[in-house]
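Some notes on the structure that comes next.
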Amino acid sequence: MKKPDHPCVTRFAPSPTGRLHKGHAYSALMAYRYAEAHSGRFLLRIEDIDTTRCRPEFTDGIFEDLKWLGLKWEEPVRQQSQHFEDYQAALETLKTMGLAYPCFCTRKDIEAEIAKSASAPHGPDGPIYPGTCKHLSAKERAAQIEAGTAHAWRLDLDAALKAINEPLVWQDEVKGTVPATPRELGDVVLARKDTPTSYHLSVVVDDALQGVTRIIRGEDLYHATHIHVVLQRVLNLPTPTYHHHGLLLDEKGERFAKRNKSVTLESLRAGGMTAPALIQSLRL
Numbered sequence: 001m002k003k004p005d006h007p008c009v010t011r012f013a014p015s016p017t018g019r020l021h022k023g024h025a026y027s028a029l030m031a032y033r034y035a036e037a038h039s040g041r042f043l044l045r046i047e048d049i050d051t052t053r054c055r056p057e058f059t060d061g062i063f064e065d066l067k068w069l070g071l072k073w074e075e076p077v078r079q080q081s082q083h084f085e086d087y088q089a090a091l092e093t094l095k096t097m098g099l100a101y102p103c104f105c106t107r108k109d110i111e112a113e114i115a116k117s118a119s120a121p122h123g124p125d126g127p128i129y130p131g132t133c134k135h136l137s138a139k140e141r142a143a144q145i146e147a148g149t150a151h152a153w154r155l156d157l158d159a160a161l162k163a164i165n166e167p168l169v170w171q172d173e174v175k176g177t178v179p180a181t182p183r184e185l186g187d188v189v190l191a192r193k194d195t196p197t198s199y200h201l202s203v204v205v206d207d208a209l210q211g212v213t214r215i216i217r218g219e220d221l222y223h224a225t226h227i228h229v230v231l232q233r234v235l236n237l238p239t240p241t242y243h244h245h246g247l248l249l250d251e252k253g254e255r256f257a258k259r260n261k262s263v264t265l266e267s268l269r270a271g272g273m274t275a276p277a278l279i280q281s282l283r284l
């Protein structure tokens with residue numbers, strides 16, 4: 001894998017499912033300023049694998065908002081929807097290693113299975129997948145696939161951890177050395193029934209392909225890192241240093257969301273706010 005030309009590479013990687021808000025501005029500016037301070041590179045990546053929710057006008061809005069903030073990035077901008085073959089190649093590697101299995105469960109199937117057990121394990125994202133399809137025989141899996149049954153692909157976490165066979169840790173600028181505890185997320189989805197990848201797989205592949213050395217993002221993605229370091233290790237990819245910053249909250253103590261149009265950068269700009277004023281309010 002090609003080494004980065006600079007010692008520091010950061011990135012901002014939004015999904016174009018709505019307009020950017022103040023929380024996005026905070027994260028983007030942190031990554032941009034870190035790269036500037038360390039004579040590094042700042043990348044913009046568009047994470048648009050969800051082709052049903054992502055829209056071109058929101059991608060255009062991301063460019064508009066970041067330019068208004070005064071940010072500059074390298075071209076061309078990587079858009080994940082144009083690189084599904086990269087994620088498919090990583091998935092095929094995991095299949096070959098015996099670390100991925102097809103899951104034929106519907107959402108209702110999973111909910112019903114979880115409801116059967118009063119002690120179903122829960123993680124930070126809710127109930128953990130109970131492994132309904134994990135123990136199907138090769139013959140049963142092949143029959144389902146041959147019959148055309150829709151299926152996702154999941155990480156066989158037990159097999160992955162067995163293959164690694166050593167403690168996993170990662171470095172976080174806020175929390176220090178963090179022991180990875182991926183079992184709190186379980187057998188995550190690697191590729192969905194209607195999309196040939198998932199957030200977990202595509203972000204790990206892209207960070208490696210783009211030579212990202214420091215990932216600065218909100219603490220809402222902190223738990224995902226436990227799975228990301230597993231995928232990085234089994235795919236023989238480097239593990240960046242992480243910085244999970246606190247989330248900005250509104251006057252009600254709730255995190256900013258795209259559905260709240262009043263806090264989008266577009267709305268703030270239309271209301272007369274200048275970029276310097278916004279940046280000063282973020283205390284950056």
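Numbering (the working numbering), first residue to last: 1 to 284. Beta carbons are placed, not taken as given, at the ideal position from N, Cα and C, and that holds for glycine. Owing to the predicted nature of the structure, the values given are computational and were not obtained by experimental measurement.
message = Extract the residue ranges of the beta strand (DSSP E) inside the region 92 to 138, only unbroken runs of 3 or more that lie entirely within it.
response = Entirely contained in the region 92 to 138, the beta strand (DSSP E) runs reaching 3 residues are, in chain order, 100 to 103.
inquiry  = Whether or not the region 182 to 199 and the region 54 to 73 are in contact is what I'm after, with contact meaning three or more pairs of Cβ atoms, one per stretch, closer than 8 Å; do they touch?
reply    = Output reads no: the region 182 to 199 does not touch the region 54 to 73.
task = Give the straight-line distance between the Cα atoms of C105 and L94, rounded to the nearest whole angstrom.
result = To locate residue 105, count along the sequence shown from 1; it is residue 105. To locate residue 94, count along the sequence shown from 1; it is residue 94. Spanning the alpha carbons of C105 and L94 requires a straight line of approximately 20 Å.
message = Taking the straight line between their C-alpha atoms, what separation do you get for I114 and P130?
response = Here residue 114 is taken as the residue at index 114 of the sequence shown, counted from 1. Here residue 130 is taken as the residue at index 130 of the sequence shown, counted from 1. For I114 and P130, the gap between their C-alpha atoms comes out near 7 Å.
ask   = By Cβ distance below 6 Å, which residues in the same chain neighbour Q144 in space, the five residues on each side in sequence not counted?
value = For the purposes of this step, residue 144 is identified with residue 144 of the sequence shown, where counting begins at 1. Cβ within range, chain order: F104.
Cβ contact (3+ pairs, closer than 8 Å) linking the region 226 to 240 and the region 37 to 57 = Taking a cut-off of 8 Å on C-beta distances, the region 226 to 240 does not touch the region 37 to 57, as fewer than three cross pairs fall below it.
query = Tell me the DSSP bridge mates of Q79?
reply = Counting from 1 along the sequence shown, the entry for residue 79 is found at position 79. For Q79, the pairing in a beta bridge is given by DSSP as I46.
inquiry  = Along the chain, where does the beta strand (DSSP E) containing F12 start, and where does it finish?
reply    = Along the sequence shown, one-based indexing puts residue 12 at 12. Here the beta strand (DSSP E) through F12 covers 9 to 12.
request  = Specify whether the region 194 to 210 and the region 77 to 85 touch according to this definition: at least 3 beta carbon pairs, one from each stretch, less than 8 Å apart.
outcome  = Taking a contact to require three or more Cβ pairs closer than 8 Å, the region 194 to 210 and the region 77 to 85 qualify as touching.
ask   = Where does H228 fall in DSSP's three states?
value = In the sequence shown, the residue the question calls residue 228 occupies position 228. Helix.
request  = Give the single residue among C8, Y101, L99, T17 whose Cα lies nearest to the Cα of R53.
outcome  = Reading the sequence shown from its first residue, position 53 is the one you call residue 53. Sorting C8, Y101, L99, T17 by C-alpha distance to the C-alpha of R53 places T17 at the top.
task = Taking all protein chains shown into account, decide if M273 is buried (16 or more other Cβ within 10 angstroms of its Cβ) or exposed.
result = Counting from one through the sequence shown, the residue named residue 273 turns up at place 273. Sixteen is the threshold: since fewer than 16 other Cβ atoms of the shown chains lie within 10 Å of the Cβ of M273, the residue is exposed.
request  = Consult DSSP for V178 and reduce its assignment to one of helix, strand or coil.
outcome  = Stepping through the sequence shown from its first residue, residue 178 is reached at position 178. V178 falls in the strand class under three-state DSSP.
ask   = Which class does P167 belong to by DSSP, given the choice of helix, strand or coil?
value = Here residue 167 refers to the residue found at position 167 when the sequence shown is read from its first residue. P167 sits in coil when the DSSP states are folded into three classes, being neither helix nor strand.
request  = Could you name the residues of the same chain whose beta carbon sits closer than 6 Å to that of L231, not counting the 5 residues immediately before and after it, in chain order?
outcome  = Translated into positions along the sequence shown, residue 231 becomes position 231. Non-local C-beta neighbours of L231 in its own chain, meaning closer than 6 Å and more than five positions away in sequence, comprise V204, ordered along the chain.
query = Counting along the chain, where does the beta strand (DSSP E) carrying H245 start and finish?
reply = Reading the sequence shown from its first residue, position 245 is the one you call residue 245. Taken as a continuous stretch (DSSP letters only), the beta strand (DSSP E) holding H245 covers 241 to 245.
query = Can you find a heavy atom of the ligand HEM that lies under 7 Å from the Cβ of L278?
reply = This structure lacks the ligand HEM; in fact it carries no ligand of any kind.
Burial state of G271 (16 or more Cβ within 10 Å) = Indexing the sequence shown from 1 puts residue 271 at position 271. The residue in question, G271, is exposed, as its Cβ has fewer than 16 Cβ neighbours within 10 Å.
ask   = When you compare each of I164, H151, A112 to R192 by their alpha carbons, which one comes out closest?
value = Residue 192 sits at position 192 when you count from the first residue of the sequence shown. Check the Cα spacing between R192 and each of I164, H151, A112: the tightest is with H151.
query = Straight-line CA distance for L247 to S137?
reply = Residue numbering aside, residue 247 sits at position 247 when the sequence shown is read from its first letter. Residue numbering aside, residue 137 sits at position 137 when the sequence shown is read from its first letter. Computed Cα separation, rounded: 44 Å.
query = Taking the Cβ atom as the reference point for each residue, do H21 and V263 lie within a distance shorter than 8 Å?
reply = Start at 1 with the first residue of the sequence shown, and residue 21 comes out as number 21. Start at 1 with the first residue of the sequence shown, and residue 263 comes out as number 263. In this structure, V263 lies closer than 8 Å to H21 by Cβ.
Own chain residues within Cβ distance below 6 Å of D156, not counting five before or after = Translated into the one-based positions of the sequence shown, residue 156 becomes position 156. Within the same chain, Cβ atoms closer than 6 Å to the Cβ of D156 are found at L99, Y101, the five residues on either side in sequence being excluded.
key: Distance, L209 Cα to M1 Cα   = Numbered from 1 along the sequence shown, position 1 holds the residue referred to as residue 1. Numbered from 1 along the sequence shown, position 209 holds the residue referred to as residue 209. Reliability fails at M1, whose pLDDT of 43 lies under 50, so the model's placement of it is uncertain and the value that follows must be treated cautiously. Cα-Cα distance, rounded: 8 Å.
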